[in-house]
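Protein chains: 2
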Amino acid sequence: MVTIHEVATRAGVSPATVSRFLRGRSVRSSDAIQAAVDELGYWPSHAAQSLKSGRTDTIGVVVPDITNPYFAAVVKGMESVTRSERYRIFLANSDESSELEDQVLADMARRVDGIILAPVTEQNRAPLNAREASVPLVFIDRDLVEGKEFDAVLVDNADGARQAAEHLLGLGHTRIAAISGPQDTTPGRRRREGFLNALTAAGVGIAPEHDLIGDFRERSGYQLTLSLLSLPEPPTAVFTANNLMTLGALKALHDMRVDVPGQMSLIGFDDLDTGPLLRPPLTVIDRPMVEQGVLAMRLLLRRLDPQYANDMPRRVVLGTTLVERASTAPPGTSGERTASPSRARKTR
Amino acid sequence: MVTIHEVATRAGVSPATVSRFLRGRSVRSSDAIQAAVDELGYWPSHAAQSLKSGRTDTIGVVVPDITNPYFAAVVKGMESVTRSERYRIFLANSDESSELEDQVLADMARRVDGIILAPVTEQNRAPLNAREASVPLVFIDRDLVEGKEFDAVLVDNADGARQAAEHLLGLGHTRIAAISGPQDTTPGRRRREGFLNALTAAGVGIAPEHDLIGDFRERSGYQLTLSLLSLPEPPTAVFTANNLMTLGALKALHDMRVDVPGQMSLIGFDDLDTGPLLRPPLTVIDRPMVEQGVLAMRLLLRRLDPQYANDMPRRVVLGTTLVERASTAPPGTSGERTASPSRARKTR
DNA sequence: GGCCGTACTGACAACGATTTCACTTTGGCT
DNA sequence: AGCCAAAGTGAAATCGTTGTCAGTACGGCC
Numbered sequence: 001m002v003t004i005h006e007v008a009t010r011a012g013v014s015p016a017t018v019s020r021f022l023r024g025r026s027v028r029s030s031d032a033i034q035a036a037v038d039e040l041g042y043w044p045s046h047a048a049q050s051l052k053s054g055r056t057d058t059i060g061v062v063v064p065d066i067t068n069p070y071f072a073a074v075v076k077g078m079e080s081v082t083r084s085e086r087y088r089i090f091l092a093n094s095d096e097s098s099e100l101e102d103q104v105l106a107d108m109a110r111r112v113d114g115i116i117l118a119p120v121t122e123q124n125r126a127p128l129n130a131r132e133a134s135v136p137l138v139f140i141d142r143d144l145v146e147g148k149e150f151d152a153v154l155v156d157n158a159d160g161a162r163q164a165a166e167h168l169l170g171l172g173h174t175r176i177a178a179i180s181g182p183q184d185t186t187p188g189r190r191r192r193e194g195f196l197n198a199l200t201a202a203g204v205g206i207a208p209e210h211d212l213i214g215d216f217r218e219r220s221g222y223q224l225t226l227s228l229l230s231l232p233e234p235p236t237a238v239f240t241a242n243n244l245m246t247l248g249a250l251k252a253l254h255d256m257r258v259d260v261p262g263q264m265s266l267i268g269f270d271d272l273d274t275g276p277l278l279r280p281p282l283t284v285i286d287r288p289m290v291e292q293g294v295l296a297m298r299l300l301l302r303r304l305d306p307q308y309a310n311d312m313p314r315r316v317v318l319g320t321t322l323v324e325r326a327s328t329a330p331p332g333t334s335g336e337r338t339a340s341p342s343r344a345r346k347t348r
Numbered sequence: 349m350v351t352i353h354e355v356a357t358r359a360g361v362s363p364a365t366v367s368r369f370l371r372g373r374s375v376r377s378s379d380a381i382q383a384a385v386d387e388l389g390y391w392p393s394h395a396a397q398s399l400k401s402g403r404t405d406t407i408g409v410v411v412p413d414i415t416n417p418y419f420a421a422v423v424k425g426m427e428s429v430t431r432s433e434r435y436r437i438f439l440a441n442s443d444e445s446s447e448l449e450d451q452v453l454a455d456m457a458r459r460v461d462g463i464i465l466a467p468v469t470e471q472n473r474a475p476l477n478a479r480e481a482s483v484p485l486v487f488i489d490r491d492l493v494e495g496k497e498f499d500a501v502l503v504d505n506a507d508g509a510r511q512a513a514e515h516l517l518g519l520g521h522t523r524i525a526a527i528s529g530p531q532d533t534t535p536g537r538r539r540r541e542g543f544l545n546a547l548t549a550a551g552v553g554i555a556p557e558h559d560l561i562g563d564f565r566e567r568s569g570y571q572l573t574l575s576l577l578s579l580p581e582p583p584t585a586v587f588t589a590n591n592l593m594t595l596g597a598l599k600a601l602h603d604m605r606v607d608v609p610g611q612m613s614l615i616g617f618d619d620l621d622t623g624p625l626l627r628p629p630l631t632v633i634d635r636p637m638v639e640q641g642v643l644a645m646r647l648l649l650r651r652l653d654p655q656y657a658n659d660m661p662r663r664v665v666l667g668t669t670l671v672e673r674a675s676t677a678p679p680g681t682s683g684e685r686t687a688s689p690s691r692a693r694k695t696r
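Chains as they are written, first to last, in our numbering: chain A, 1 to 348; chain B, 349 to 696.
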């Protein structure tokens, strides 16, 4: 490995001068130094730099599952911000596991300047630990019960779920099921609350056997949908609380040859790239994914700026959009399976 | 920040002893040290450790686009390997841009022990540069023209494309189009070659206006499909060389109300999670994605082991699978738009 | 030509951990 | 009790860089 000392020797100056040149200060023998750097192929040691300076120019991002198109889009948003800055992104998966999240966070806290975290559950107090406390932390999508002292970019989950409920109610459904997410996560709980509250407010309510809790994975969407279909009186519409469970539900409905939306309407939370291309095109509650990433990164970079480091924590809450496609219809509609693309439209 | 020195003082020993204890060596006052570590919440500085040891316990992974489900799955495979090892993964996007890839690689080479790279193009000689040469490098999916001296995990692109061509030929198509990827990438070129060669071998060939080159993004799949449809004599079948372009093609066919597979058969390279759920379910050439990640990571970890560090480079080539669903049919078939799920099957 | 303020320079001391080396303690044995 | 090998210890050097400090060269001015 070529060190700053070798560059200095070759350029006939001291290491201090080389360092100054590299940091952009004006220096007498800049040509000689540049030549030495090029010839030797010198690159400063990241470890030494960050040991000395205390900075890593790196932002840690921890998401439960990068395979999920939602998180992939969020990360894209973050990258679009860091591209023009000097920061790099260090991405890690917690794989929907609290233990792994703990490990990853502890490790990251030692090697990044700030962390953006989409926590697996709100129960996890690890981020509050002393060691992490010294690293600025921004929550995204979910936050902690006691997390009021952190920056956060959230989505109005309850209102999105309300939109979904009112859409189904507006179509005339009264036997409605919900497949919610884990109740110890913000989105899991708030989406269920918002959905159930809207049903209650309309005087429709929900049967206990239609009020199911999944784990945000495709598999549970699949299995819980099967269980709904096996009921003596299945619902005429179902709300699935995230994109993967929506996909699972759709698979189950296909496998059981259930006509959507003829026999069963389906509305999901979170859009998918392939949403419009599915059989049938899915009606979903959409939210600004890329923008969420952008905002979270901006929030974090701002906090890393000493000038704003001690500002009050900010909580940004984004709104949702109902995207009406063809997977929802009034109950008992005959089996029209594919809608023409022109029927798809966004409403605000 | 709490240092090893403070821990040592509190435990009444020297920093050297604390260090030894932490590295698992037997030590007289282990209880006192453990207590001091816990009470102070001590975590070793990553920068200092890696400066001294020269190791970072981190693997860099650079992919063109993490949003692409293919790369997301590959990364999952890699993580499944590192989970049980002491290594962490540092993931970065090159965003299909060679310049960004250069930057990212140069930066990574300074802070990881090894790199797994899915290069944007084969023309890019940056990975061969001296500075990167000191960091073990494994190629995945694509490699360099001069890259024979590196480990690599590849897919038999030509053979996969041949399978696609023969499937369409077997159905009786003769006016067949191909939307290929960039010709300066391995998969872009090899898939086109494999496809065209199979057509030629069958005496069918391809019209110049049916032999199109895209850029592996959804948008180009969309636009090139539109251009095919505007021809005086459009093809009866089209092969799209990756998953995103397949999606784009399908969108274009939907928008133009073209019946698939009635008026046009569609076969893509790479499966999608939602493949079976699309209208119609897509016939595709599938390849082992997670396994590719697993193999690449194993190859790299092996090379990081001093015992094998100087072994000959290995090139692993994986086979592909035709997954027959409902987007392909004999030419001129009437408009059966949705196949029953039971028709989908895998062939080997 | 001499003076002065500015611009630049090099030696040296950090940053926090690990490792070597020489030394001390321990415990098992006669 | 005394000896010896084995086990454990601390001081100090080191990894590669940056920042401080005291100093030297430069350019502009009278």
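Every residue, glycine too, gets a C-beta built ideally from N, C-alpha and C. Remember, it's a predicted structure, so these values are computed and weren't measured experimentally.
- CA-CA distance, A165(A) to N197(A), rounds to 9 Å.
- Per DSSP, the continuous alpha helix (DSSP H) segment holding A158(A) begins and ends at N157 to G170.
- L117(A) is positioned such that its CB atom lies no closer than 9 Å to that of L100(A).
- Proximity of F90(A) to chain B, defined by a Cβ-Cβ separation below 9 Å, is satisfied.
- Residue-level contact check: T67(A) touches chain B, since one or more beta carbons of chain B fall below 9 Å from its beta carbon.
- Closer than 9 Å to the CB of R673(B) there is not a single CB belonging to chain A.
- Exclusion of the five residues before and after V665(B) leaves L502 and D504 as the residues of its chain whose Cβ lies within less than 6 Å of its Cβ.
- Between A509(B) and R539(B), the C-beta gap is smaller than 9 Å, which places the two residues in contact.
- For secondary structure counted as the beta strand (DSSP E) over 3 or more consecutive residues, the segment 572 to 640 of chain B holds these complete runs in sequence order: 585 to 588, 613 to 617 and 631 to 634.
- With respect to the 9 Å criterion, A589(B) and E541(B) are not classified as neighbours on the basis of their beta carbons.
- In the same chain as V361(B), and ignoring 5 residues on each side of it, the C-beta atoms closer than 6 Å to its own belong to S377, in chain order.
- Contact with chain A is found for N441(B), since one of that chain's Cβ atoms lies less than 9 Å from the residue's Cβ.
- Of the residues assessed, P187(A) falls on the buried side of the cut-off, its CB having 16 or more other CB atoms within 10 angstroms.
- Here DSSP, grouped into helix, strand and coil, assigns A178(A) to strand.
- Looking from the CA of P582(B), the closest CA among D559(B), V423(B), V355(B) and E387(B) belongs to D559(B).
- Taking 8 Å as the upper bound for CB-CB distance, R673(B) and P636(B) are not in contact here, some 18 Å apart.
- The segment 648 to 662 of chain B makes no contact with the segment 570 to 577 of chain B, as fewer than three CB pairs between them are under 8 Å.
- Within the DSSP bridge table, the entry for D559(B) names A526(B) as partners.
- With the rule of 3 Cβ pairs closer than 8 Å, the segment 409 to 424 of chain B counts as touching the segment 72 to 85 of chain A.
- Per DSSP, the continuous alpha helix (DSSP H) segment holding I352(B) begins and ends at I352 to A359.
- Separation of T533(B) and R434(B) (C-alpha to C-alpha, rounded to the nearest whole angstrom) is 33 Å.
- Not flagged as an interface residue toward chain B: V18(A), since no C-beta distance is shorter than 9 Å.
- The straight-line gap separating the alpha-carbon atoms of F438(B) and V429(B) is approximately 14 Å.
- With a threshold of 16 other beta carbon atoms within 10 Å, L228(A) meets it and is buried.
- Y390(B) counts as buried, since no fewer than 16 other beta carbons sit within 10 angstroms of its beta carbon.
- Judged by pairs of C-beta atoms under 8 Å, the segment 260 to 269 of chain A does not touch the segment 49 to 59 of chain A, as fewer than three such pairs exist.
- Secondary-structure assignment with DSSP links R436(B) through a beta bridge to T406(B).
- Ranked by how close their Cα comes to the Cα of L388(B), the residues L517(B), V375(B) and V355(B) have V355(B) in first place.
- Taking the beta carbon of L322(A) as reference, no residue of chain B falls within 8 Å; the closest one sits roughly 21 Å away.
- Residue state for A657(B) is assigned as coil, using DSSP reduced to three classes.
- CA-CA distance, A178(A) to A329(A), rounds to 17 Å.
- Distance from the CA atom of I4(A) to the CA atom of V632(B), rounded to whole angstroms, is 53 Å.
- Rounded to whole angstroms, the gap between the alpha carbons of S98(A) and V204(A) is 37 Å.
- Taken through DSSP and simplified to helix, strand or coil, R315(A) comes out as strand.
- Taking the Cα positions, V37(A) is about 11 Å away from T9(A).
- One Cα belongs to A202(A), the other to T174(A), and the distance between them is close to 10 Å.
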